[in-house]
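Residue numbers (this note's numbering): 11 to 201.
C-beta: ideal position from N, C-alpha, C; glycine also.
Heads up, the thing below is written out as C-alpha cells.
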C-alpha cells in the first residue's frame, strides 16, 4: 500500500521514473540492491544539488537535483523537468475544483484555500521559469512571491523580460482574473 501511494504521489509531483521506482521498492538501490532505509523507514540516501554537493533533506524541494546511494554511489535524478506552461494548465484545471471544495468542504474558511492555491501556482511558475531561463531565484524571492504574488510576479517579469515585460504582465493579469473567475464559479456551483 505504501509503495503504491509513494509511486502515485511521485507521478503527481513529477518525480523521475528512477526515483519513483526507488520509492516503490521500499528504498532499494537499483544498482547494488541494498536496502537503504534507516530504522524509522526514512531513506538513507544523500540529496545533491546541481553542483553535486550534499544538501540538507529539508532543502530537497527547492535545491535538490539528484540522489546518491551511500553504498555504491549510484546517482539518479529527483524529478523530471516540468515546463512553466504545464503549471499554468494545472492552475486553470484545478481552480474550479478548488472553488467547489472551498465552498462545500471548507465553508467557514471561504477564500483562504483558493488564495493559497493561486499563490502556489504563481510561485511554482516563477521557479520553473527561472530554472528554464537560468536566472538566480532565491528562497527569499520564492517566499516573497508566495505571500505577495500580485506584486512579485510583475516584478519578476520585469526583471527577466525587460523590454518584453508588458505583454507578459498583461497575460499574467488576464490569467489571474480567469483563475479567480473559475474559482468563483466553483463557489457558485457548490453554494
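Close-in-space but distant-in-sequence residues of the same chain around residue i (CB under 6 Å, 5 per side omitted)
{"i": "residue 59", "result": "65, 73, 75"}
{"i": "residue 164", "result": "179"}
{"i": "residue 31", "result": "none"}
Reference residue i; option with closest CA among the options
{"i": "residue 24", "options": "56, 91, 80", "result": "91"}
{"i": "residue 188", "options": "124, 78, 53", "result": "124"}
{"i": "residue 53", "options": "174, 153, 79, 62", "result": "79"}
{"i": "residue 112", "options": "127, 50, 153", "result": "127"}
{"i": "residue 83", "options": "55, 122, 185", "result": "55"}
{"i": "residue 71", "options": "20, 192, 185", "result": "20"}
{"i": "residue 122", "options": "33, 162, 193, 198", "result": "193"}
{"i": "residue 50", "options": "145, 62, 37", "result": "37"}
{"i": "residue 146", "options": "157, 169, 164", "result": "169"}
{"i": "residue 81", "options": "62, 99, 41", "result": "41"}
{"i": "residue 186", "options": "153, 99, 32, 61", "result": "99"}
Residue j beta carbon less than 9 Å from that of residue i
{"i": "residue 29", "j": "residue 86", "result": "yes"}
{"i": "residue 159", "j": "residue 129", "result": "yes"}
{"i": "residue 202", "j": "residue 155", "result": "Since the first and last residues shown for the chain are 11 and 201, residue 202 lies out of range."}
{"i": "residue 200", "j": "residue 109", "result": "yes"}
{"i": "residue 26", "j": "residue 88", "result": "yes"}
{"i": "residue 77", "j": "residue 195", "result": "no"}
{"i": "residue 151", "j": "residue 94", "result": "no"}
{"i": "residue 104", "j": "residue 136", "result": "no"}
For residue j and residue i, believed in contact at Cβ under 8 Å, the rounded distance
{"i": "residue 46", "j": "residue 39", "result": "6 Å"}
{"i": "residue 138", "j": "residue 97", "result": "6 Å"}
Nonlocal neighbours in the same chain, by C-beta distance under 7 Å from residue i, ignoring five residues either side
{"i": "residue 167", "result": "175, 178, 179, 182"}
{"i": "residue 134", "result": "97"}
Close-in-space but distant-in-sequence residues of the same chain around residue i (CB under 8 Å, 5 per side omitted)
{"i": "residue 171", "result": "178"}
{"i": "residue 48", "result": "54"}
{"i": "residue 157", "result": "129"}
{"i": "residue 63", "result": "none"}
{"i": "residue 144", "result": "none"}
{"i": "residue 14", "result": "34"}
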